[in-house]
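**Q** Before we start, here is the structure in question, set down as structure tokens.
So, in structure tokens, the structure goes:
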């Protein structure tokens, strides 16, 4: 850590408390003062990209000054033009936009920025990231459209394989850590369906159901893909040593601050717990299963297949009910007894 090059007090950063005891969903475990560990998240550095975290404007300014001093001792300098400030404001505690300076220059405050391929935003949700992924996947699809998807000499199965290898990874990049709502999965599924219909040359005039399109393409809905990616990644994090930052963050909560009264924003842990229940995996003992790599992989694969069949069957039933209503439009209007 380059901050050791600087004499004096280390920056505070964002303090978290954690206890990797294997009970992720039991938040009361973090009230055991003698068993929890406190640490600070000061930086998230990868190669020459670095994110500096702080709870307040004063702490962020002090942290940035400390890094600038440490880099200077290594004959390096911070690029002012590429250094930006992202202010994620607490809903119940509004405050002014911070004015952070570096070498006398006030840094630009932005609404979102790209870090390691993912968009972080001031709203602390994945709305911006979803739109970016849709835009990138759309561009990836149209780059291959003339050369592959519109080529009549290429078999449809091959086209679908190319789509799975190029477009879907772009669409679902870094989805392991997404906290999604229903409207997010609907956006992803609409794009997925449009791409498959173009590849299979299915128009709206064919009146094909989404289920039949998925079955012809031999693929699944994006909700199942998200579930598999998240569970596999979470199992990987559980298998990490306790000193690894991803595992500490998974089993942690902020040391300072509290959630508002009333309806809450969905957390990653909430989505994870829902996915475990959807797969029929015990939410009390899932970590013991995750520690066994091969068993966890098998459990996720088989459970996801069952979840897929349940979702597909639900879509078939929904389609059948809609057709029944269309065939008997006046049935629900008849008075009781007729």
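In my numbering, the protein residues as written are 3 to 340. Glycine is no exception: its CB is placed at the ideal position from the N, C-alpha and C atoms. Treat the numbers as computed from the prediction; the structure is a model and nothing was measured.
1) Could you work out which residue in 60, 18, 9, 29 is closest to residue 258 when comparing CA atoms only?
2) Per the contact definition of three or more C-beta pairs closer than 8 Å, is the stretch 228-235 in contact with the stretch 170-181?
3) What residue does the beta strand (DSSP E) around residue 73 start on, and which one ends it?
4) For the stretch 104-112 and the stretch 139-146, state whether three or more C-beta atom pairs, one from each stretch, are separated by less than 8 Å.
5) Throw me the rounded Cβ distance for the residue 64 and residue 13 pair, which I believe falls under 8 Å.
6) Which same chain residues, not among the five before or five after residue 225, have their C-beta less than 6 Å away from its C-beta?
7) What does the alpha-carbon distance come out to for the pair residue 243 and residue 22?
8) Would you mind stating whether residue 195 and residue 164 have Cβ atoms separated by less than 8 Å?
9) Inspect the beta-carbon positions of residue 124 and residue 134 and report whether they are closer than 8 Å.
10) How would you label residue 47, buried or exposed, when you count the other beta carbons within 10 angstroms and need 16 or more for buried?
11) Whole angstroms are fine: how far does the CA of residue 264 sit from the CA of residue 251?
12) Ends of the beta strand (DSSP E) at residue 116?
13) Please state whether DSSP places residue 183 in a helix, a strand or coil.
14) Going along the chain, which residues of its own chain have a beta-carbon closer than 6 Å to the beta-carbon of residue 15, five neighbours each way excluded?
15) Alpha carbon to alpha carbon, how far is residue 80 from residue 92? Give it in angstroms, no decimals.
16) Who are the Cβ neighbours of residue 87 in its own chain at under 8 Å, not counting the five residues just before and after it?
17) Look up residue 53 in the DSSP assignment and say whether it is helix, strand or coil.
18) Taking 7 Å as the cut-off, is the C-beta of residue 118 nearer than that to any heavy atom in the ligand SAH?
19) Taking residue 228 as the reference, which of 199, 170, 118 has the closest Cα?
20) So what does residue 107 bridge to, in DSSP terms?
21) Do residue 318 and residue 150 have their CB atoms nearer than 8 Å?
22) What would DSSP say about residue 19, mapped onto helix, strand or coil?
23) Please tell me whether residue 201 and residue 158 are closer than 8 Å, where the distance is taken between their beta carbons.
24) If I measure Cβ to Cβ from residue 313 and keep anything under 8 Å in the same chain, skipping five residues before and after, which residues do I get?
25) What is the rounded straight-line gap between the Cα of residue 167 and the Cα of residue 160?
26) Which term fits residue 126, buried or exposed, when burial requires 16 or more other beta carbons within 10 angstroms of its beta carbon?
27) Pull up the distance between the alpha-carbon of residue 207 and that of residue 199, whole angstroms please.
28) Determine which residues share a DSSP beta bridge with residue 121 and list them.
29) Are the CB atoms of residue 308 and residue 282 nearer to each other than 8 Å?
30) Rounded to a whole number of angstroms, what is the C-alpha to C-alpha distance between residue 204 and residue 210?
31) For residue 87, which residues does DSSP report across the bridge?
**A** In this structure, then:
1) Nearest C-alpha to residue 258 among 60, 18, 9, 29: 18.
2) As far as the Cβ criterion goes, the stretch 170-181 touches the stretch 228-235, which means the pair count is three or higher.
3) No beta strand (DSSP E) contains residue 73, which is instead part of the alpha helix (DSSP H) from 59-75.
4) Verdict: no, contact absent.
5) The pair is a contact, with the Cβ atoms about 6 Å apart (cut-off 8 Å).
6) Correct list, in chain order: 187.
7) Distance between the alpha carbons of residue 243 and residue 22 is about 10 Å.
8) In this structure, residue 164 does not lie closer than 8 Å to residue 195 by Cβ.
9) It is not a contact, given that the beta carbons lie outside the stated cut-off.
10) Burial call: exposed.
11) C-alpha separation (whole angstroms): 25 Å.
12) 114-117 is the span of the beta strand (DSSP E), which, as asked, contains residue 116.
13) Residue 183: coil per DSSP, three-state reduction.
14) Around residue 15, the same chain offers 42, 43, 44, 55 as residues with beta carbons nearer than 6 Å, after the five sequence neighbours per side are excluded.
15) Rounded to whole angstroms, the gap between the alpha carbons of residue 92 and residue 80 is 28 Å.
16) Cβ neighbours of residue 87 beyond the five flanking positions: 62, 100, 102, 109, 110, 111, 112.
17) Residue state for residue 53 is assigned as strand, using DSSP reduced to three classes.
18) The ligand SAH is not part of the structure shown, which contains no ligands of any sort.
19) The residue with the shortest Cα to Cα distance from residue 228 is 170.
20) In the DSSP output, where bridge partners are listed per residue, residue 107 has 104.
21) No; because the gap between Cβ atoms is not below 8 Å, this pair is not in contact.
22) Reduced to three states, the DSSP call for residue 19 is strand.
23) Yes, these two residues count as a Cβ contact at 8 Å.
24) Closer than 8 Å at Cβ, skipping near neighbours: 223, 225, 226.
25) Taking C-alpha positions only, residue 167 is separated from residue 160 by approximately 11 Å.
26) The C-beta of residue 126 has fewer than 16 other C-beta atoms within 10 Å across all chains shown, which makes the residue exposed.
27) Between residue 207 and residue 199, the C-alpha separation is close to 12 Å.
28) BP columns for residue 121 point to 116.
29) For residue 308 and residue 282, yes; Cβs fall inside 8 Å.
30) Residue 204 and residue 210 have their alpha carbons spaced roughly 8 Å apart.
31) When beta bridges are read from the DSSP output, residue 87 appears opposite 111.
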